[in-house]
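Take 0 as the starting number for the sequence shown in numbering that gives the first Met the number 0 and just add one per residue. Taking it in order: structure first as structure tokens, then the write-up.
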Amino acid sequence: MREYLLTLCVTAAVTYLLTGPVRKFAIVAGAMPEIRARDVHREPTPRLGGIAMFGGLCAGLLVAAHLSNLGKVFELHSEPRALLSGAGLIWILGVLDDKWGVDALVKLGGQMIAAGVMVLQGLTILWIPVPGVGTVGLTPMQGTLLTVALVVITINAVNFVDGLDGLASGMVCIAAAAFFLYAYRLWFGHNVEAAAPATLFAAILMGMCLGFLPHNMHPARIFMGDSGSMLIGLVLAAGAISITGQVDPDVLNAFTGGSERAVVHATVPVYIPLLLPLTVIAVPVADLLLAIVRRTWNGQSPFAADRGHLHHRLLEIGHSHSRAVLIMYFWSGLIAFGTVAYSVHSASTWILLLIVALSAAGLVLLLLPRFKPRAPRWAEAFVPPRYRRRKVTAAEPEAAGAEAAGAEPAAEAVPADAEPVEEGAGREPVPAGVHGATAIGDRSRFAHARRISSNR
Numbered sequence: 000m001r002e003y004l005l006t007l008c009v010t011a012a013v014t015y016l017l018t019g020p021v022r023k024f025a026i027v028a029g030a031m032p033e034i035r036a037r038d039v040h041r042e043p044t045p046r047l048g049g050i051a052m053f054g055g056l057c058a059g060l061l062v063a064a065h066l067s068n069l070g071k072v073f074e075l076h077s078e079p080r081a082l083l084s085g086a087g088l089i090w091i092l093g094v095l096d097d098k099w100g101v102d103a104l105v106k107l108g109g110q111m112i113a114a115g116v117m118v119l120q121g122l123t124i125l126w127i128p129v130p131g132v133g134t135v136g137l138t139p140m141q142g143t144l145l146t147v148a149l150v151v152i153t154i155n156a157v158n159f160v161d162g163l164d165g166l167a168s169g170m171v172c173i174a175a176a177a178f179f180l181y182a183y184r185l186w187f188g189h190n191v192e193a194a195a196p197a198t199l200f201a202a203i204l205m206g207m208c209l210g211f212l213p214h215n216m217h218p219a220r221i222f223m224g225d226s227g228s229m230l231i232g233l234v235l236a237a238g239a240i241s242i243t244g245q246v247d248p249d250v251l252n253a254f255t256g257g258s259e260r261a262v263v264h265a266t267v268p269v270y271i272p273l274l275l276p277l278t279v280i281a282v283p284v285a286d287l288l289l290a291i292v293r294r295t296w297n298g299q300s301p302f303a304a305d306r307g308h309l310h311h312r313l314l315e316i317g318h319s320h321s322r323a324v325l326i327m328y329f330w331s332g333l334i335a336f337g338t339v340a341y342s343v344h345s346a347s348t349w350i351l352l353l354i355v356a357l358s359a360a361g362l363v364l365l366l367l368p369r370f371k372p373r374a375p376r377w378a379e380a381f382v383p384p385r386y387r388r389r390k391v392t393a394a395e396p397e398a399a400g401a402e403a404a405g406a407e408p409a410a411e412a413v414p415a416d417a418e419p420v421e422e423g424a425g426r427e428p429v430p431a432g433v434h435g436a437t438a439i440g441d442r443s444r445f446a447h448a449r450r451i452s453s454n455r
């Protein structure tokens, strides 16, 4: 566990330290596209965050290769080399798309090529355990097609959910943490050597996301772009393929009673990813499927962008940006860790009852978009200002009453002799550039012109 923790920390540290210089490089290189109709941010923000994440991936693999226990993974398995090859191709494709834009069909072809490269180096699905049937072997062609399909679907699922600050990286980090627990239990708890590469991939993926999150939380200073979202999607898919299609179920007989049917039943939560790429990211996959149905129903291309994703709908019903992200985190964690808990204790009713109770709590959060708890008077000094009760002065009792009744607050009174103030006046413009506080210069074009009294 210490070597995994060291690999995770090195990956996170390298990703975190590289993100700042990468942001400045993205600004200089002009990798800041204009705000589109479906975007929720108000200022052009640099992309290319995937460069820092790819640097963290390389650093994590390099450190793991020189450790005593993890170094054996590189000697006995070809999956790490396959992952690095596929990740390099998908990362280059993502960088080109972030800077100049790449056609959707070209990106799809590049994703299939990256998956094919991993298959050629041994990272492929060899068999599928089917509940009630047993282990079903796959021909090389079947294994290749299934592997490519799993990689492409997972990459696009993560790419589709990357619509809010910190959403994709946080959800994938939660997925990687749950996946790490299961893979680590198989390897060290039950001596399944074939689960070692997936455990390493999950630890590195957690480090990549944790190192990038501080720069990507709302308000984000940099976006991961397609170079980052496709990269972490590929790493997650590689871990799923490594542990799903290459761990022989017969090896698990030692701790499941010796019955092949019992083995298949015990491993069902892990083999579901073959049908719905990774139950640990079931929310992004559901968003992907709903987007495809919605766009084709409306006569659009499945790759046409819109504002109908789950996170967009959370914003439309009244949730704030941060609360929408936390709700998506909650559902991802519930599905991911619930799946892992069920795979460990599938006969326990407490697991199902706990999942049902947490699901009910999640539904309550969805139905209360404008709920804002207020702290009692005695605790207001210890909580942020947004949780304090608003004090009503003697000059505004009518406005407060109207606001409580649901009416729109009255506009601020402006003296007749007040002089108009130009938009952005009274504030020095923030210079743009690599050392600026924002990706753009003067923010005056986002301000609303208003009038103020000359005696204020």
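Every residue gets a Cβ at the ideal spot worked out from N, C-alpha and C, and that includes glycine.
For residue i, does the count of other Cβ atoms within 10 angstroms reach 16, so buried, or fall short, so exposed?
i, result
"Gln110", "buried"
"Asp102", "exposed"
"Pro196", "buried"
"Phe381", "exposed"
"Met229", "buried"
"Gly142", "buried"
"Leu459", "The structure shown has nothing for residue 459, since the chain only spans 0 to 455."
"Trp186", "buried"
"Val269", "Note that Val269 scores a pLDDT of 48, beneath 50, so its modelled location is shaky; the value from the coordinates is reported in the next line. Buried, by the Cβ-count rule."
Comparing alpha-carbon positions, which option in the options lies nearest residue i?
i, options, result
"Val355", "Pro375, Trp296, Trp330, Gly238", "Trp330"
"Gly100", "Ala237, Gly224, Thr348, Tyr341", "Gly224"
"Gly206", "Leu357, Ile173, Asn68", "Ile173"
"Gln120", "Thr44, Glu78, Ala193", "Glu78"
"Leu56", "Ser67, Ser84, Gln299", "Ser84"
"Ile89", "Asp161, His217, Gly70, Met52", "Met52"
"Met170", "Ile112, Glu192, Asn215, Leu362", "Asn215"
"Val363", "Leu353, Gly332, Ile326, Tyr341", "Ile326"
"Leu212", "Ile334, Ser168, Leu357, Gly29", "Ser168"
"Thr134", "Pro218, Thr243, Leu235, Gln299", "Thr243"
"Ala285", "Gly298, Ala239, Ile334", "Ile334"
"Ala237", "Asn68, Thr146, Pro218", "Thr146"
"Met117", "Gly87, Asn297, Val105", "Gly87"
"Val94", "Met31, Thr338, Ala12, Thr198", "Met31"
"Val13", "Leu60, Leu122, Ala360", "Leu60"
"Gly509", "Asn155, Gly188, Thr18, Arg1", "Only positions 0 to 455 of the chain appear in the structure, and residue 509 is not among them; the question remains open."
"Leu163", "Tyr341, Asn297, Ile231, Ala219", "Ala219"
"Leu7", "Leu313, Leu352, Arg294, Thr198", "Thr198"
"Val461", "Val105, Tyr183, Leu144, Val324", "Outside the displayed span of the chain (0 to 455) sits residue 461, for which this structure offers no information."
"Ala323", "Phe24, Asp161, Thr338, Glu192", "Asp161"
"Asn68", "Ala378, Met0, Thr295, Leu166", "Met0"
"Leu313", "Ala114, Leu365, Trp126", "Leu365"
Name the two residues that bound the continuous alpha helix (DSSP H) containing residue i.
i, result
"Asn190", "No alpha helix (DSSP H) contains Asn190, which DSSP labels as neither H nor E."
"Gly85", "78-98"
"Ile152", "139-160"
"Glu74", "70-75"
"His214", "195-215"
"Ala378", "Where Ala378 is concerned, there is no enclosing alpha helix (DSSP H), given that its DSSP letter is neither H nor E."
"Met111", "103-119"
"Ser228", "224-243"
"Leu180", "166-183"
From the DSSP output, in three-state form, read off residue i for me.
i, result
"Ala14", "Rather than Ala, the amino acid found at residue 14 in this sequence is Thr. Reduced to three states, the DSSP call for Thr14 is helix."
"Ile127", "strand"
"Gly54", "helix"
"Thr134", "strand"
"Ile354", "helix"
"Pro163", "With the sequence shown as reference, residue 163 is identified as Leu, and Pro is not the correct amino acid for it. Looking at Leu163 - three-state DSSP - the assignment turns out to be coil, as it is neither helix nor strand."
"Thr44", "coil"
"Ala285", "helix"
"Ala30", "coil"
"Ile271", "Residue placement at Ile271 is poorly supported in this model, since its pLDDT is 46, which falls under 50; the coordinates are not used for a value here."
"Arg220", "coil"
"Met327", "helix"
"Leu66", "coil"
What is the C-beta distance between residue i and residue j, in whole angstroms, given that I count them as a contact (C-beta under 8 Å)?
i, j, result
"Val62", "Val9", "5 Å"
"Gly48", "Ile221", "5 Å"
"Ile124", "Leu137", "6 Å"
"Arg22", "Pro45", "5 Å"
"Phe200", "Ser226", "The Cβ separation is near 19 Å, so there is no contact."
"Leu473", "Val150", "Here the chain comprises residues numbered 0 to 455, so residue 473 is not present and cannot be evaluated."
"Leu66", "Glu2", "5 Å"
"Lys98", "Ala11", "Contact flag wrong, Cβ pair sits at about 26 Å."
"Leu287", "Phe159", "5 Å"
"Ala340", "Ile350", "5 Å"
"Val157", "Ile91", "Not really, about 18 Å apart at Cβ, beyond 8 Å."
"Ala175", "Leu235", "7 Å"
"His320", "His217", "5 Å"
"Leu17", "Gly54", "5 Å"
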